[in-house]
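Novice: Have a look at this one.
Written as C-alpha cells, this is what we have:
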C-alpha cells in the first residue's frame, strides 16, 4: 500500500515539492555559511519525494544550536516551503483519492518550518502512516 501511495504522491505533488526543496538547497549553498541548512533541505527533499513509510522524530541530542538554526531556516526558506505544502494539500484534498496525500502534505509542514534537530526514520509498525 505504501508503494502505491508513494507513486501516486510522486505524480500528483511530491515531485514539485521535491524540486522546491532542491531549489532551496541550491540557493542556500550560494553563501557558504548556510550550507548546513542546504544539507537539511536536501534531506527533506528526499522525504518529500517518498514520504509514506517514513516519519519524523526529534533528535534527543538537539539543543539550543538547533533552535537558533531553525530560526534562521524559518527566515530564509521555511515559511515559503510551508506555504507550498498548504497550497498543495488544499489542491490534493479537493478529490477523495487525494485526501491521504493531502494529509501527508500537512505532515511535512512541521519539518519544513524547523528541520534541524529532527531525523527522518522508517516507520516500524504496519500502520498506514503516522
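In the working numbering, the protein residues as written are 1 to 130.
Every residue gets a Cβ at the ideal spot worked out from N, C-alpha and C, and that includes glycine.
1. Near residue 49, which residues of its chain fall below 6 Å by C-beta distance, leaving aside the five closest residues on each side in sequence?
2. So, helix, strand or coil for residue 102, using DSSP?
3. By DSSP, does residue 107 sit in helix, in strand, or in coil?
4. Identify which residue in 105, 25, 56, 118 has its Cα closest to the Cα of residue 5.
5. Taking the beta carbon of residue 130 as the centre, do at least 16 other beta carbons fall within 10 Å, making it buried, or is it exposed?
6. Between which two residues does the alpha helix (DSSP H) harbouring residue 57 extend?
7. Quick one: does the C-beta of residue 14 sit closer than 6 Å to a heavy atom of the ligand NAP?
8. From residue 66 to residue 8, what does the alpha carbon distance come to, in whole angstroms?
9. Might you give, ordered along the chain, the residues of its own chain that have their beta carbon closer than 6 Å to the beta carbon of residue 93, omitting 5 neighbours on each side?
10. In the DSSP assignment, what residue or residues form a beta bridge with residue 121?
11. Between the beta-carbon of residue 131 and the beta-carbon of residue 112, is there less than 7 Å?
12. If contacts are defined as beta-carbon pairs under 8 Å, then residue 28 and residue 77 qualify, I think. What distance do you get, rounded to the angstrom?
13. Consult DSSP for residue 83 and reduce its assignment to one of helix, strand or coil.
14. CB-CB under 7 Å to residue 20, same chain, minus the five flanking residues each way: which ones, in chain order?
Specialist: So, from the data block:
1. 14, 18, listed in sequence order.
2. helix
3. Helix at residue 107.
4. 105
5. Low per-residue confidence applies at residue 130: pLDDT is 44, beneath 50, and the placement is therefore not dependable enough to give any value.
6. That residue, residue 57, is in no alpha helix (DSSP H); its beta strand (DSSP E) goes 54-58.
7. The ligand NAP is not part of this structure, which contains no ligands at all.
8. 33 Å
9. 99, 102
10. 55
11. Lying outside 1 to 130, the shown extent of the chain, residue 131 is not represented and no answer is given.
12. 7 Å
13. In the three-state DSSP reduction, residue 83 falls in the helix class (H, G or I).
14. 81, 84
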